[in-house]
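So the protein sequences, as listed, match chains A and B. If you're matching positions, the first sequence starts at 1 in this note's numbering and goes up one per residue. If you're matching positions, the second sequence starts at 1 in this note's numbering and goes up one per residue. Just so you know, even glycine gets a beta-carbon here, dropped at the ideal spot from N, CA and C. For clarity, every value in this text was computed on a predicted model and none was experimentally measured.
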Amino acid sequence: MYKISKNLKTLSFVLMAVGILSLAFGFMTTPSSVEDVKHQMEQHNNHDADVVEHSEADADHAVVKVNDHHDEAHAEHVFTQMKNRPWAAFYVSALFFFFLALGAMAFMAIQYVAQAGWSVVLLRVMEAISSYMIVGGIIVFLILVAGGLHMHHVFHWMDASLVDPLSANYDPIIDGKSGYLNVPFFLIRIAVYMAGWILAYFLLGKYSTEQETSGDNKPYNKAFKASAIFMVFYGVTSSTGAWDMVMSVDPHWFSTLFGWYVFSGMFVSAIATIALVTIYLKSQGYLEFVNPSHIHDLGKFMFGLSIFWTYLWFSQFMLYWYANIPEEVTYYLARFADYKIPFWTMVAINFAFPVLVLMDANKKKFPLTMVITGVVIIIGHYLDVFVMIMPGSVGSHWGFGIVEIGSFLGFLGLFIYIVFTSLEKKGLLAKGHPMLKESEHYHYYNLEHGDDH
Amino acid sequence: MSKKLIHGLFDDDDILMDGVKAVRQKGYEIDEVYTPFPIHGLDKAMGLKPTRIAYASFAYGVFGLLFASWLTWYMMISDWPQNIGGKPNQTWLQNMLAFTPIMFELTVFMAAHLMVWTYFFKNKLYPGQKAGNPDPRTTDDMFMMEFIFEGDSTELESILKESGAVEVNVKEIKDTTGNQLWFKIPKTAVVLIFALSSLTSCSSSDEPQREPNTVYMPDMYYSVAYEPYSADPNGVDGMEARIPADNTIKRGYVPYEIPDTNEGYQEALDSLKSPIATTDETLKKGEYLYNIYCISCHGINGDGQGKLVQNEKYLGVPSYAPSRLPNITEGSIFHVETYGKNMMGSHASQLTSQERWKVAQHVLKLRSQLK
Chain A
1 MYKISKNLKT LSFVLMAVGI LSLAFGFMTT PSSVEDVKHQ MEQHNNHDAD
51 VVEHSEADAD HAVVKVNDHH DEAHAEHVFT QMKNRPWAAF YVSALFFFFL
101 ALGAMAFMAI QYVAQAGWSV VLLRVMEAIS SYMIVGGIIV FLILVAGGLH
151 MHHVFHWMDA SLVDPLSANY DPIIDGKSGY LNVPFFLIRI AVYMAGWILA
201 YFLLGKYSTE QETSGDNKPY NKAFKASAIF MVFYGVTSST GAWDMVMSVD
251 PHWFSTLFGW YVFSGMFVSA IATIALVTIY LKSQGYLEFV NPSHIHDLGK
301 FMFGLSIFWT YLWFSQFMLY WYANIPEEVT YYLARFADYK IPFWTMVAIN
351 FAFPVLVLMD ANKKKFPLTM VITGVVIIIG HYLDVFVMIM PGSVGSHWGF
401 GIVEIGSFLG FLGLFIYIVF TSLEKKGLLA KGHPMLKESE HYHYYNLEHG
451 DDH
Chain B
1 MSKKLIHGLF DDDDILMDGV KAVRQKGYEI DEVYTPFPIH GLDKAMGLKP
51 TRIAYASFAY GVFGLLFASW LTWYMMISDW PQNIGGKPNQ TWLQNMLAFT
101 PIMFELTVFM AAHLMVWTYF FKNKLYPGQK AGNPDPRTTD DMFMMEFIFE
151 GDSTELESIL KESGAVEVNV KEIKDTTGNQ LWFKIPKTAV VLIFALSSLT
201 SCSSSDEPQR EPNTVYMPDM YYSVAYEPYS ADPNGVDGME ARIPADNTIK
251 RGYVPYEIPD TNEGYQEALD SLKSPIATTD ETLKKGEYLY NIYCISCHGI
301 NGDGQGKLVQ NEKYLGVPSY APSRLPNITE GSIFHVETYG KNMMGSHASQ
351 LTSQERWKVA QHVLKLRSQL K
């Protein structure tokens with residue numbers, strides 16, 4: 001039986017505390033009214049004016065007068081965006097860690113559906129990571145509910161004035177989508193998706209426990225069926241869920257392969273997480289039955305899926321670049337204008353790094369290579385989610401400061417706590433699984449296990 | 001002393017493995033082992049080095065990537081620059097996204113194909129190659145160790161027998177000086193290639209088809225309804241499509257009434273005036289468009305020395321300089337952009353009328369800088 005170490009427990013609590021403090025700080029430093037924003041902007045403008053004064057002071061004055069009304073609206077716009085920032089930072093981290101758990105769940109279900117033998121010794125690790133879905137899902141759902149109650153407008157379309165034909169803000173495009181994209185239906189959909197995903201987690205966990213003591217393979221067969229049904233459900237809902245939870249942040253824009261793009265990102269980062277947790281447990285002396293071939297296989301998945309993610313990223317990007325249709329390219333124009341550094345950093349570290357480091361067959365069995373690549377992949381895909389959410393919710397008023405880093409660390413703490421305490425609840429080996437022996441003796445023929453076994 | 005060929009035959013793969021280990025322990029080098037199926041771990045037991053073909057493949061991939069980069073640069077930028085979707089196209093980096101699929105494909109192609117060829121080359125495999133297997137029983141149920149041995153072989157023979165060989169054969173190798181060349185292509189390969197090429201060239205074009213082809217789901221191929229642009233005996237004017245109402249123009253289109261004739265050109269030259277004022281903004285836009293649509297022939301300075309002219313793809317592109325074209329105005333430039341002139345084609349479908357006026361402004365600006 002695994003017991004979470006004191007140090008890890010303390011670390012997770014410290015991280016959670018950091019997260020809560022930084023979030024509180026984020027909400028406190030947000031401008032509290034439009035007046036504040038105007039004041040800030042005025043200071044900013046005065047500073048600009050000083051520079052301009054010498055050359056074209058008169059012309060500048062004329063422009064300022066004409067734009068008086070525009071400034072009013074602009075200040076309000078900036079205010080909502082700045083108010084969104086701590087919420088958006090919170091949401092990015094919540095969603096990212098939820099995706100880790102959901103991706104691990106999908107990976108686990110695939111092991112059952114494919115009747116994979118090699119991965120049986122890792123099943124309990126996957127179960128533990130998926131267990132974060134419950135708490136993580138509730139947090140994500142609460143953030144969405146808060147949006148529905150207009151506590152924030154990370155989801156721009158939730159603003160009721162956009163679909164009111166009499167309002168000055170009336171947006172016919174969003175109104176046209178309001179049959180699907182309205183708050184009650186949106187929340188119902190998300191609730192159904194999450195309920196389905198979490199239900200599948202409970203079922204697989206239950207069958208896996210039953211299989212330990214059952215003399216026959218009945219629970220295993222049930223797990224196979226549940227996984228098959230889950231995979232169909234997940235295949236559809238991972239895509240529609242990505243539209244709702246990620247793509248609707250940019251409500252004017254749409255992409256047909258967006259669901260797969262989000263899926264590939266969550267899948268590769270979930271597998272990196274499985275590898276990291278496995279290697280950590282091994283370094284603590286647990287999981288003695290996991291050998292370098294298992295780690296090597298996780299490395300192959302990380303390598304292949306990093307390329308798959310890049311393939312989807314590029315498919316989306318190149319077609320938009322080529323066709324150059326205004327309603328499509330706005331998505332990338334927003335990212336090029338204000339998010340150049342995170343955007344290109346994320347492409348580089350999600351593609352070039354894993355591909356070059358993990359290409360050599362032998363490197364994938366070394367824990368150090370896998371840890372470094374795994375951490376890089378996780379940071380890279382956090383940035384990916386960041387670049388997907390932020391431009392639509394805070395626009396150019398983004399930053400990478402205390403709120404963003406703090407909320408990431410906070411959720412990391414929560415994630416560590418939940419994953420490792422749920423590892424305590426069951427044995428680390430899925431005993432009674434019909435293919436356990438195959439997994440224990442799994443040996444990739446071209447690999448020397450050597451002393452690091 | 002002449003060389004000997006020693007063959008030790010085994011009837012079990014496990015016994016063979018132990019035999020290989022025993023022989024190697026005594027310091028003998030095994031030249032080859034013939035088995036009916038691959039045996040895991042045999043390569044290590046024989047002391048074979050791990051293959052380096054993966055490194056070769058990586059190098060081939062890098063070569064493919066560089067080759068594709070060079071290829072796209074030479075074809076699309078250097079030799080014959082092309083306008084891809086109305087985007088800036090004068091440097092490789094600007095159009096790299098369009099070349100990425102080619103770079104990817106050639107990387108994969110070179111890595112895979114050259115690796116396979118390397119593999120064949122190293123293993124001396126080519127069409128018509130005779131089996132190098134000295135004993136056909138090793139394709140069925142026997143395993144064989146082969147040694148090319150010089151000197152007294154009695155110890156080796158006894159080791160083989162002790163480790164379970166069912167048969168040990170020793171043969172003197174005749175001193176064959178004229179070694180067979182590995183690349184000598186046998187007759188069978190020639191015959192095969194000839195037969196293949198004659199087979200594929202044998203499509204009988206003269207003979208009529210004996211049976212007509214069958215259409216699967218004819219409803220999908222032959223529409224019951226009239227096709228949009230087909231003849232229609234019941235339609236107005238006998239056509240399915242209708243002629244648009246008189247004076248219809250498409251949205252955003254600005255009609256240009258001066259005809260494409262010499263008189264029309266003169267009229268545009270004399271009297272056509274731009275509807276838009278020249279500002280920094282319009283000049284900037286004009287320059288941007290010029291550098292996409294015109295630069296390849298007319299050159300960045302308008303001196304008629306674009307890349308296509310320098311590479312001698314097109315000749316006779318005039319400079320805008322007053323000494324070369326004394327008589328052009330914004331009206332005539334617009335006219336030529338719309339209809340084309342001599343070798344130059346019409347750009348009316350690529351640039352809107354507003355855009356053509358802006359390009360004309362830039363052309364005049366270039367002209368003023370030329371002598």
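- Pairing residue 333 of chain B with residue 363 of chain B gives a Cβ-Cβ distance under 8 Å.
- With a cutoff of 8 Å on beta-carbon distance, residue 400 of chain A and residue 355 of chain A are scored as not near each other.
- Beta bridge pairing from DSSP links residue 40 of chain B with no other residue.
- Taking all protein chains shown into account, residue 290 of chain B has 16 or more neighbouring C-beta atoms within 10 Å of its C-beta and is therefore buried.
- Using a CB distance cut-off of 8 Å, residue 25 of chain A does not count as an interface residue toward chain B.
- A straight line joining the alpha-carbon of residue 325 of chain B with that of residue 327 of chain A spans about 43 Å.
- Here residue 275 of chain A has 298, 370, 374 as same chain residues with Cβ atoms under 6 Å from its own Cβ, once five neighbours each way along the sequence are excluded.
- The criterion of a C-beta distance shorter than 8 Å is satisfied by residue 320 of chain B and residue 367 of chain B.
- A distance below 7 Å between beta-carbons, with the five flanking residues on each side excluded, links residue 178 of chain A to the following residues of its chain, in chain order: 163.
- Counting C-beta atoms within 10 angstroms of its own C-beta, residue 344 of chain A has fewer than 16 neighbours from the protein chains shown and is therefore classed as exposed.
- For residue 324 of chain A, the chain B residues whose C-beta falls within less than 8 Å of its own C-beta are 85, 86, 87, listed in chain order.
- Listed along chain B are 54, each with a C-beta nearer than 8 Å to that of residue 361 of chain A.
- A distance below 7 Å between beta-carbons, with the five flanking residues on each side excluded, links residue 173 of chain A to the following residues of its chain, in chain order: 252.
- By alpha-carbon distance to residue 368 of chain A, the top candidate from A:82, A:283, A:136, A:100 is A:283.
- Not one beta carbon of chain A lies nearer than 8 Å to the beta carbon of residue 66 of chain B.
- Note on residue 214 of chain B: under 16 other CB atoms within 10 angstroms of its CB, so exposed under the neighbour-count rule.
- Annotation for residue 169 of chain B: the continuous beta strand (DSSP E) segment containing it runs 167 to 172.
- For residue 16 of chain B, there are no neighbours in chain A by C-beta distance under 7 Å, as the nearest C-beta there is about 18 Å away.
- Residue state for residue 10 of chain B is assigned as strand, using DSSP reduced to three classes.
- Sequence-distant partners of residue 316 of chain B (beyond 5 residues in either direction) whose C-beta falls short of 7 Å from its own C-beta, in its chain, are 343.
- A straight line joining the alpha-carbon of residue 99 of chain B with that of residue 429 of chain A spans about 49 Å.
- Judged by DSSP secondary structure, residue 417 of chain A falls outside any beta strand (DSSP E) and instead within the alpha helix (DSSP H) spanning 402 to 424.
- Scanning the stretch 140 to 205 of chain A from its first residue to its last, the whole alpha helix (DSSP H) runs of 4-plus residues come out as 172 to 176.
- For residue 48 of chain B, no CB of chain A lies under 8 Å from its own CB, so it is not counted at the interface with that chain.
- Of the candidates A:245, A:171, A:256, A:245 places its Cα closest to the Cα of residue 99 of chain A.
- Going by C-alpha positions, residue 116 of chain B is about 29 Å away from residue 142 of chain B.
- Assigned with DSSP and collapsed to three states, residue 226 of chain B falls in coil, not helix or strand.
- The residue among A:391, A:130, A:235, A:322 with its C-alpha nearest the C-alpha of residue 338 of chain A is A:391.
- Annotation: the stretch 103 to 177 of chain B contains the following complete segments of the alpha helix (DSSP H) (minimum length 4 residues), in chain order: 154 to 162.
- In this structure, the beta-carbon distance from residue 31 of chain A to residue 82 of chain A falls below 8 Å.
- Judged by DSSP secondary structure, residue 33 of chain B falls within the beta strand (DSSP E) whose first and last residues are 32 to 34.
- At a cut-off of 8 Å between C-beta atoms, residue 313 of chain A does not count as an interface residue with respect to chain B.
- Of all C-beta pairs linking the stretch 190 to 208 of chain A to the stretch 225 to 238 of chain A, three or more are shorter than 8 Å, placing the two stretches in contact.
- Contact check for residue 84 of chain A against residue 394 of chain A passes: the beta carbons are separated by less than 8 Å.
- Relative to residue 305 of chain A, the option among A:8, A:117, A:268 whose CA is nearest is A:268.
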